[in-house]
Amino acid sequence: MTEHYFSESPAGDYRAREIEVSLAGAIRQLVTAGGVFSPEHLDRGTELLLSTLDTDLDADTKDYFGAVRGVGFSATGNAEVADADVDADPDPSPTGPPILDIGCGWGPIALAAALNHPGREIWAIDVNERSRELTRTNAARLGLTNVRVCAPSEVPDDISFAEIRSNPPIRVGKEALHEILQQWLPRLVPGGTAHLVVAKHLGADSLQRWIGAEFPQLEVSRFTRSKGFHVLRAEASQA
Numbered sequence: 001m002t003e004h005y006f007s008e009s010p011a012g013d014y015r016a017r018e019i020e021v022s023l024a025g026a027i028r029q030l031v032t033a034g035g036v037f038s039p040e041h042l043d044r045g046t047e048l049l050l051s052t053l054d055t056d057l058d059a060d061t062k063d064y065f066g067a068v069r070g071v072g073f074s075a076t077g078n079a080e081v082a083d084a085d086v087d088a089d090p091d092p093s094p095t096g097p098p099i100l101d102i103g104c105g106w107g108p109i110a111l112a113a114a115l116n117h118p119g120r121e122i123w124a125i126d127v128n129e130r131s132r133e134l135t136r137t138n139a140a141r142l143g144l145t146n147v148r149v150c151a152p153s154e155v156p157d158d159i160s161f162a163e164i165r166s167n168p169p170i171r172v173g174k175e176a177l178h179e180i181l182q183q184w185l186p187r188l189v190p191g192g193t194a195h196l197v198v199a200k201h202l203g204a205d206s207l208q209r210w211i212g213a214e215f216p217q218l219e220v221s222r223f224t225r226s227k228g229f230h231v232l233r234a235e236a237s238q239a
């Protein structure tokens, strides 16, 4: 393997292609390209994450989002939202802290969040500039103006997140992955949650133990599992 999807500037041919993906209850025509994670199709781990988050959120998460409905959120930059997609089942909340997608790739997690929560700002971050370009392109295709795409270093320090949703880049190595999580998990608001999908054979169980030991303020559990993938949930304490 001469380059990785977590390279900042992939050297391979762009090789843009269209794929059909089911997001927020409808088939979407999106663009992918070489040099990013899973360019041919929606990978199984992300598919599991998306199939559970906006359909089977447990009562605690629903209660949290209900609690922030009356809290105003002043976003940096454009916070206007396009008309809600008629096929989506939108969150009725017009405001609230944003949602973060770490390692957005060509955008499926961020796009699904934006479709399901059109009143919330979605931050999609990736070190790979090609991934960022594709996510911007796909957000524009879907008429989404509540998706903010940038490099991790460009996220303002004063922004906290109601939720983190990620298929994290496990193959960067354990040390680098831990550094990523040490940077972003502390930025959950009180009562906020992180959902991370990880393959069991790539260390889902050990990552769950590490998060629990490294972040005593987070309650860590296995949210669901299927076909060799685990979705880990970490909830920040209210205090």
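Residue 1 is where the sequence shown starts when you use the UniProt record's numbering, and the numbers rise one by one after that.
All C-beta atoms, glycine included, are put in the ideal place defined by N, C-alpha and C.
Bear in mind the structure is a predicted one, so any value in this text is a computation, not a measurement.
Limits of the beta strand (DSSP E) - the one that residue i falls within
{"i": "H230", "result": "229 to 236"}
{"i": "E20", "result": "17 to 23"}
{"i": "H195", "result": "188 to 199"}
Among the options, nearest to residue i - alpha-carbon criterion
{"i": "I122", "options": "T137, E219, A162, R187", "result": "A162"}
{"i": "T135", "options": "R120, P156, A113", "result": "A113"}
{"i": "P108", "options": "V220, F215, S51, S153", "result": "S51"}
{"i": "V189", "options": "S38, E235, R132", "result": "E235"}
{"i": "V220", "options": "Q238, K200, T193", "result": "T193"}
{"i": "A33", "options": "D101, S22, L111, E129", "result": "E129"}
{"i": "L181", "options": "E214, D157, D205", "result": "E214"}
Residue i versus residue j: straight-line alpha-carbon distance, rounded
{"i": "S226", "j": "L48", "result": "7 Å"}
{"i": "H230", "j": "Q208", "result": "10 Å"}
{"i": "Q29", "j": "D43", "result": "16 Å"}
{"i": "G191", "j": "K200", "result": "27 Å"}
{"i": "T224", "j": "L196", "result": "11 Å"}
{"i": "L152", "j": "T137", "result": "The question names Leu, but residue 152 in the sequence shown is Pro. Their backbone Cα atoms lie some 19 Å apart in a straight line."}
{"i": "G143", "j": "A16", "result": "20 Å"}
{"i": "S38", "j": "S22", "result": "15 Å"}
{"i": "A79", "j": "A110", "result": "Bear in mind that a pLDDT of 31 at A79, under 50, signals an unreliable position, so the number given afterwards is only what the model happens to contain. Each residue's alpha carbon lies about 15 Å from the other."}
Beta-bridge pairing of residue i - partner residues as DSSP gives them
{"i": "V147", "result": "I122"}
{"i": "E219", "result": "E235"}
Beta-carbon separation (whole angstroms), residue i vs residue j, contact threshold 8 Å
{"i": "P97", "j": "S160", "result": "6 Å"}
Start-to-end residues for the alpha helix (DSSP H) that takes in residue i
{"i": "D205", "result": "204 to 214"}
{"i": "Q183", "result": "174 to 184"}
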